[in-house]
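Participant: If you read the sequence shown in the working numbering, its first letter stands for residue 1, the second for the next number, and so on.
Every residue, glycine too, gets a C-beta built ideally from N, C-alpha and C.
As the structure is a prediction and not an experimental result, all values here were calculated from the model.
For reference, the structure I am asking about is given below.
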Amino acid sequence: MTALRRASGKGSRRLARQLVLQALYEMDVGGHDSTGALERLIEETKLQGELAEFARSLLRGVLEHRAEIDAVIEKTAPAWPTAQLAPIDRNILRIAIREFLVDNLTPVGAAINEAVELAKKYGSNSSSKFINGVLGSVSVSGTVAQEGD
């Protein structure tokens, strides 16, 4: 996961997503505080302004809605309980679902494309197909309540 720190396109939302992915990975695998990890990563990469706030908001939303998001994943991919998914795949799904389903931060197609790109870069050989299939099904079902509902 240290490759996330060397992400190209500094200043982009993709970098913000990569930092959130690394913070969530550190939480899942290392038991680290994800908020502290994200702040460290933001400082290391010198992410600033709206992009840093986007990363913080994205992480906050994943953490606040994790149980709901995980329930959506398990409903959509019942053969793969969330706890059994690879940490990278699980957290890419969480980020994307948070972005397009929980509170419409990002258009569905863009969120899915970004998730697939993260999966291609950091996941296994089959991750991108799995991520695309699950998110495609989630986008059709729309099963998480919107914030403020």
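1) To the nearest angstrom, how far is the alpha carbon of D47 from that of L59?
2) Are there 16 or more other CB atoms within 10 angstroms of the CB of N150, so buried, or fewer, so exposed?
3) Identify every run of the alpha helix (DSSP H) within the segment 77-121, keeping only runs that are complete inside it and at least 4 residues long; order them along the chain.
4) Output the boundary residues of the alpha helix (DSSP H) element that contains K129.
5) How long is the line joining the alpha carbons of V121 and Q18, rounded to whole angstroms?
6) When the distance is taken between beta carbons, is S34 closer than 8 Å to A23?
7) Just verifying my parser: in three-state terms, what is the DSSP assignment at G123?
8) So what's D33 in DSSP terms, helix, strand or just coil?
9) Are the segment 132-141 and the segment 109-119 in contact at 8 Å, needing three or more beta carbon pairs?
Facilitator: In terms of the structure at hand:
1) Locating residue 47 in the sequence shown gives position 47, where the first residue counts as 1. Locating residue 59 in the sequence shown gives position 59, where the first residue counts as 1. As written in the sequence, residue 47 is Leu, which differs from the Asp given in the question. Roughly 15 Å separates the two Cα atoms.
2) The shown model of the chain, from 1 to 149, leaves out residue 150, and the question about it has no answer.
3) Segments of the alpha helix (DSSP H) lying fully in the segment 77-121: 87-97.
4) The residue you call residue 129 lines up with position 129 of the sequence shown. If you look at K129, you'll find it in the alpha helix (DSSP H) that goes 127-141.
5) Within the sequence shown, the letter at position 121 stands for residue 121. Within the sequence shown, the letter at position 18 stands for residue 18. Strictly speaking, residue 121 in this sequence is Lys, with Val absent from that position. Spanning the two alpha carbons is a distance of roughly 10 Å.
6) Taking the first residue of the sequence shown as position 1, residue 23 is located at position 23. Taking the first residue of the sequence shown as position 1, residue 34 is located at position 34. Going by C-beta atoms, A23 is nearer than 8 Å to S34.
7) On the sequence shown, position 123 is the one that residue 123 refers to. In the structure shown, the three-state DSSP call for G123 is coil.
8) Here residue 33 corresponds to residue number 33 of the sequence shown, with the count starting at 1. DSSP, read as helix, strand or coil, puts D33 in coil.
9) Judged by Cβ distances under 8 Å, the segment 132-141 makes contact with the segment 109-119, as three or more pairs qualify.
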